[in-house]
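**Q** Numbering (our numbering), first residue to last: -15 to 269.
Please find one structure pasted underneath; my questions will follow.
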Amino acid sequence: MTLDRKIRRILQGKPTLEGAGVHLKRAFGFSEVPEFDPFLLLDDFRGDDPRYYIQGFPWHPHRGIETITYMLDGSVEHGDSIGNEGIINPGDVQWMTAGSGILHQEMPKGDNEGRMGGFQLWANLPASRKMMEPRYRDIKSEQIPEINMPNGTKIRVICGDVGGVEGSAKDIVIKPEFLDITMPENTDYLHPTEMGHTVFAYIIEGKGYFSQEKKAAANENLVLFDNGEQITIAARREAVRFLLISGKPLGEPVAWRGPIVLNTQEELEIAFAEYRNGTFIKSED
Ligand code: FE2
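Below you can see the structure in the form of structure tokens.
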């Protein structure tokens, strides 16, 4: 008997103000620690009014985490203090490992209709890798493999392995899976999951029925699963699109202040002191 994951709970994104005044929905964050271990936060910054996002996320530091940005509409211009820069366009992913530290800005731009939108996930780094060299993986939309199943279900494999199709973001510390799944109406989907891993789905379009309990979840709902070997999802009268994310919990203490996440309060004090005295950045390229 394969153990089908039940639903632990369904969350609703909370309106949150971030950066220099960006209105977004936070699916989970600081108050949910350690429930989503190894993940820390998921922000949904889809919007169609530039007044609510144009101020963007000006210069700020990160240390000890990875930020994964997945764009659907519009774009985000990214630049950091050691000269890395680029534009994240619709369908693209930026997988940034802040490691020992980066200083960057992320500035959104709408498309022709003023729409801009995407998601940012924060993944924690284990204590042994928190001070690793920062690195970027810029993944263009066309580099993301897409699986088209006979029933019309479409899976974009950003990270992980689905039936031998491997995602473009490889060699990630917490062995995560990051999939963008679209199921047409009247279809079912079963996905194997690693025992002990944290697994959740964030719905971005339509409505679906999750687990064998068939609990309904729609746009901006997050379904957090209990432990098990697989998950089941059904689409009935309408199609559903969701991000399916999983990862291996770290089980380490979390000391979190703003954009910096370490293991102890003392490490946080050091990081903020270094930020104030200009020694925060450890690597030059
Ligand atoms: Fe950032």
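Where is the CB? At the ideal position from N, CA and C, for every residue including glycine.
Taking DSSP as the reference, what is the three-state secondary structure of residue 36?
**A** helix
**Q** Kindly indicate which three-state DSSP category residue 187 falls into: helix, strand or coil?
**A** Judged by DSSP in its simplified three-state form, residue 187 adopts strand.
**Q** Residues in the same chain with beta-carbon distance under 6 Å from residue 135, minus the five sequence neighbours each way, listed in chain order, please.
**A** 171
**Q** Report the three-state DSSP secondary structure of residue 111 (helix, strand or coil).
**A** Residue state, collapsed to three classes: helix.
**Q** With DSSP run on the structure shown, which of helix, strand or coil describes residue 169?
**A** coil
**Q** Going by Cα to Cα distance, which pick from 155, 139, 183, 147 is closest to residue 168?
**A** 139
**Q** Within 10 angstroms of the Cβ of residue 261, are there 16 or more other Cβ atoms? Answer buried if so, exposed if not.
**A** The residue is exposed, with fewer than 16 neighbouring Cβ atoms inside 10 Å.
**Q** On the DSSP bridge assignment, give the partners of residue 342 in chain order.
**A** Limits of the chain in this structure are -15 at one end and 269 at the other, which puts residue 342 out of reach.
**Q** Among all the DSSP beta bridges, which residues are the ones paired with residue 274?
**A** Because the chain here runs from -15 to 269, residue 274 falls outside it and cannot be looked at.
**Q** Quickly, what does DSSP pair residue 247 with across the bridge? List them, please.
**A** None, per the DSSP bridge assignment.
**Q** Residue range of the beta strand (DSSP E) that residue 45 falls in?
**A** Residues 41 to 46.
**Q** With a 10 Å radius around its C-beta and 16 neighbouring C-beta atoms as the bar for buried, classify residue 248 as buried or exposed.
**A** Around the beta carbon of residue 248, fewer than 16 other beta carbons sit within 10 angstroms, so the residue counts as exposed.
**Q** Skipping 5 residues on each side, what residues in its chain have a beta carbon closer than 7 Å to that of residue 159?
**A** 231, 232
**Q** Would you list, in sequence order, the uninterrupted beta strand (DSSP E) runs of no fewer than 3 residues that lie entirely inside the stretch 57 to 113?
**A** For the beta strand (DSSP E) assignment, the uninterrupted runs of no fewer than 3 residues enclosed by the stretch 57 to 113 are, from N- to C-terminal side, 59 to 64, 69 to 72, 77 to 81, 86 to 93, 101 to 108.
**Q** What does the alpha-carbon distance come out to for the pair residue 272 and residue 217?
**A** There is simply no residue 272 to check, as the chain begins at -15 and stops at 269 in what is shown.
**Q** Using C-beta distances below 6 Å, list every residue in its chain close to residue 77, excluding the 5 sequence neighbours before and after it, in chain order.
**A** The answer, listed in chain order, is 54, 123, 142.
**Q** Reducing DSSP to helix, strand and coil, say where residue 196 ends up.
**A** coil
**Q** Identify the residues that DSSP records as bridge partners of residue 214: which are they?
**A** -12, 176
**Q** Please list the terminal residues of the continuous beta strand (DSSP E) segment that includes residue 12.
**A** 6 to 12
**Q** Assign residue 179 to one of two classes, buried (16 or more other C-beta atoms within 10 Å of its C-beta) or exposed (fewer than that).
**A** exposed
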